[in-house]
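**Q** Dumping the structure here so I can ask a few things about it.
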Amino acid sequence: NARLYRQAREAVRTRDEFLSTVSHDLRNPLASIKGLAQLLHRRAQRLATAETVSFLESLTRIDAAATRMTTLLDELVEVSGLRIGQPLELARRPVDLVALAFETAGTVRTDGHIVEVAAEDGAVVASGDASRLQRVLTNLIANAVKYSPAGARISVAVGRADGVAVIAVRDEGRGVPSADLPYIFERYRRGSNVEGISGSGVGLTAAKQIVELHGGSIAVESAEGVGSTFTVRLPLADDE
777 NARLYRQARE
787 AVRTRDEFLS
797 TVSHDLRNPL
807 ASIKGLAQLL
817 HRRAQRLATA
827 ETVSFLESLT
837 RIDAAATRMT
847 TLLDELVEVS
857 GLRIGQPLEL
867 ARRPVDLVAL
877 AFETAGTVRT
887 DGHIVEVAAE
897 DGAVVASGDA
907 SRLQRVLTNL
917 IANAVKYSPA
927 GARISVAVGR
937 ADGVAVIAVR
947 DEGRGVPSAD
957 LPYIFERYRR
967 GSNVEGISGS
977 GVGLTAAKQI
987 VELHGGSIAV
997 ESAEGVGSTF
1007 TVRLPLADDE
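Here our numbering = 1-based position in the sequence shown + 776.
Have a look at this one:
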């Protein structure tokens, strides 16, 4: 009935406000962890010996883990904030999506996967927030890595079609069951075939929100046991 519906909506809003607040509160400790790890890494490099190699590797892993946690918190803040009416402001400027794809592919941890970027000659320029568009690409490539067997090939294609910029991330992973496809971009929803693989169920939701705030769209085609292709379409910059 109407009363139960209002109570449920209020409970969801309270949860989102809590998540947003907690995520903000966790940012400072994470920034401290990341900063100290980088400081120790620089100091240890000056004393580089055979004994410090494993120590340096551990500090690098700490730094990377703090970065991943910060990204997840940013996504939680943005997803929860949008749901409770907090607008997300974009720092728009011309963004070369070809350069962004190459840069992002080089920073995602691949665990032996082969990430290939194929692009048109020259730049493909959109008007957008570079850091948030990079987060979309990072999410899509990291997802492809996560759900693909070691050594599998992942392709990132950047180009133009029908007057818009198009980015397609294709993998050879386990794919998404057809029954799950309509819900794949919903918050906290994950495929029913992801047992044993950790994940928050937030990354694709955040990616969809960011893309749509840019006036674009994101879609997925997938077959279980074959792989998935996530396609992002974004408006080109005015002078493109």
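Glycine included, each C-beta is placed from N, C-alpha and C at the ideal position.
Just so it is clear, the structure is predicted and the values come from calculations on it, not from any experiment.
When you compare only the Cα positions, how much space is there between residue 898 and residue 873?
**A** In a straight line, the C-alpha of residue 898 is about 10 Å away from that of residue 873.
**Q** Could you check which residue in 829, 944, 938, 988 has the C-alpha nearest to that of residue 866?
**A** The shortest C-alpha separation from residue 866 is found at 988.
**Q** From which residue to which residue does the beta strand (DSSP E) around residue 1009 run?
**A** Unbroken beta strand (DSSP E) run through residue 1009: 1003 to 1011.
**Q** What three-state label does DSSP hand residue 960 in the structure shown?
**A** Of the three classes helix, strand and coil, the one that applies to residue 960 here is coil, per DSSP.
**Q** Would you report the Cα separation of residue 901 and residue 1012, rounded to the nearest angstrom?
**A** Each residue's alpha carbon lies about 6 Å from the other.
**Q** Terminal residues of the continuous alpha helix (DSSP H) containing residue 907?
**A** First-last of the alpha helix (DSSP H) with residue 907: 906 to 922.
**Q** Are the stretch 846 to 855 and the stretch 881 to 891 touching by the rule of at least three beta carbon pairs closer than 8 Å?
**A** Not touching, per the Cβ criterion.
**Q** Taking DSSP as the reference, what is the three-state secondary structure of residue 941?
**A** Looking at residue 941 - three-state DSSP - the assignment turns out to be strand.
**Q** Closer than 7 Å by C-beta to residue 1017: which residues in its own chain qualify, once you throw out the five before and the five after it? Chain order, please.
**A** This structure leaves residue 1017 out entirely; the chain is present only between 777 and 1016.
**Q** Would you give the residue range spanned by the alpha helix (DSSP H) that residue 987 belongs to?
**A** It spans 979 to 989 - the alpha helix (DSSP H) in which residue 987 sits, taken as one unbroken run.
**Q** Please state whether the Cβ-Cβ distance between residue 1008 and residue 943 is less than 8 Å.
**A** Contact flag set, yes.
**Q** Please work out which residues of its chain come closer than 6 Å, Cβ to Cβ, to residue 990, disregarding the five sequence neighbours upstream and downstream, and give them in chain order.
**A** Correct list, in chain order: 904, 1010.
**Q** For the stretch 835 to 852 and the stretch 870 to 884, state whether three or more C-beta atom pairs, one from each stretch, are separated by less than 8 Å.
**A** The answer is no - the stretch 870 to 884 does not touch the stretch 835 to 852, with fewer than three Cβ pairs under 8 Å.
**Q** Run through DSSP, which three-state label would residue 948 get?
**A** Residue 948: coil per DSSP, three-state reduction.
**Q** Terminal residues of the continuous alpha helix (DSSP H) containing residue 892?
**A** That residue, residue 892, is in no alpha helix (DSSP H); its beta strand (DSSP E) goes 890 to 895.
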